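Structure first, commentary second.
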Amino acid sequence: MKDIDSKDLQLLRILQRDCTVPVATLAEKVSLSVNACWRRVKRLQDEFIDRQVAILKPEKFHVGLTVFVSIRTSQHSEDWLSRFSKGVAAIPEVVEFYRLSGEIDYLLKVMVRDVADYDRVYKAIIKTAPLTDVSSSFAMERIKATTALPI
């Protein structure tokens, strides 16, 4: 990585797990002065950190059901993809959206209240563009979920 050293990596590892750690605590953990640490954190925020967010507990907002939606299509034109992408992007319950290689063309991660709520989202998905096959898998248990990159 360009312009990044072991101290920067240490800071990023800490910050991507908890961006609220005070600079004084960060400085102590990575053996830097508070001022030097603050300058590094500022540079890292400007160059390497996309954004800082709060990660909410889904069950507290009644969206504890996660559904993975596998989609196949026979259409692969740019116009079709644009229409499909815009339609899916407008559905707030779709929290992740991927184009894949292999037998499945697209994978959506959907978070909803219950099966009836998912049925409403499913109907919105199939209205976006012509689809060949839509298959849904309901997560029984979330075993690992992280936003931390393996750096």
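In the working numbering, the protein residues as written are 2 to 152.
C-beta atoms are modelled at their ideal positions from N, C-alpha and C, and glycine is treated no differently.
These numbers were taken from a predicted model, which means no experiment stands behind them.
| task | Indicate the three-state DSSP secondary structure (helix, strand or coil) for Thr155 in the structure shown. | result | In the structure as shown, the chain starts at 2 and stops at 152, and residue 155 therefore has no counterpart that could be examined.
| Out of Ser78, Ile15, Asp120, Lys124, which has the shortest C-alpha to C-alpha gap to Phe139? | For the purposes of this step, residue 139 is taken as the residue at position 138 of the sequence shown. Of the candidates Ser78, Ile15, Asp120, Lys124, the one whose C-alpha sits nearest the C-alpha of Phe139 is Asp120.
| said: Please tell me whether Ile105 and Ser71 are closer than 9 Å, where the distance is taken between their beta carbons. | reply: Here residue 105 refers to the residue found at position 104 when the sequence shown is read from its first residue. Here residue 71 refers to the residue found at position 70 when the sequence shown is read from its first residue. Result yes, Cβ atoms of Ile105 and Ser71 sit closer than 9 Å.
| query | Using 8 Å as the threshold, is the stretch 109 to 118 in touch with the stretch 61 to 81, meaning 3 or more CB pairs across them? | reply | yes
| For Ala125, the nearest candidate out of Ala91, Lys110, Ala149 (CA to CA) | Here residue 125 refers to the residue found at position 124 of the sequence shown. Nearest C-alpha to Ala125: Ala91.
| Anyone know if the C-beta pair for Ala41 and Lys8 falls short of 9 Å? | Indexing the sequence shown from 1 puts residue 41 at position 40. Indexing the sequence shown from 1 puts residue 8 at position 7. Reading the sequence as shown, one finds Arg at residue 41 and not Ala. Their beta carbons are under 9 Å apart, which means Arg41 touches Lys8 by this criterion.
| said: Which residue marks the beginning of the beta strand (DSSP E) containing Arg100, and which one marks its end? | reply: One-based indexing of the sequence shown puts residue 100 at position 99. Here the beta strand (DSSP E) through Arg100 covers 95 to 100.
| query | Relative to the C-alpha of Glu94, which residue among Val68, Ser102, Val135 is closest? | reply | In the sequence shown, counting from the first residue as 1, residue 94 sits at position 93. Per the Cα distances, Val68.
| task | Can you check DSSP and say which residues form a bridge with Ser137? | result | Residue mapping note: residue 137 aligns to position 136 of the sequence shown, counting from 1. Beta-bridge pairing links Ser137 to Val70.
| field | DSSP state of Lys110 mapped onto helix, strand, coil | value | As a working note, residue 110 is residue 109 in the sequence shown. If DSSP states are grouped into helix, strand and coil, Lys110 belongs with the strands.
| For Cys20, three-class secondary structure by DSSP | In the sequence shown, the residue the question calls residue 20 occupies position 19. It is coil, neither helix nor strand.
| said: Going by DSSP, what residue range makes up the alpha helix (DSSP H) through Ile126? | reply: Within the sequence shown, residue 126 is the residue found at index 125, counting from 1. That run of the alpha helix (DSSP H) goes 116 to 129.
| request: Note down the Cα distance separating Leu150 from Asp80, rounded to an integer number of angstroms. | output: Here residue 150 refers to the residue found at position 149 of the sequence shown. Here residue 80 refers to the residue found at position 79 of the sequence shown. If you take the alpha carbons of Leu150 and Asp80, they lie about 33 Å apart.
| task | Find the nearest neighbour of Leu10 within the set Thr26, Val31, Val35, judged by alpha-carbon distance. | result | To locate residue 10, count along the sequence shown from 1; it is residue 9. If we check each option's Cα against that of Leu10, Val31 comes out closest.
| task | Along the alpha helix (DSSP H) that carries Asp47, what are the first and last residues, could you check? | result | Here residue 47 is taken as the residue at index 46 of the sequence shown, counted from 1. Its alpha helix (DSSP H) spans residues 35 to 48.
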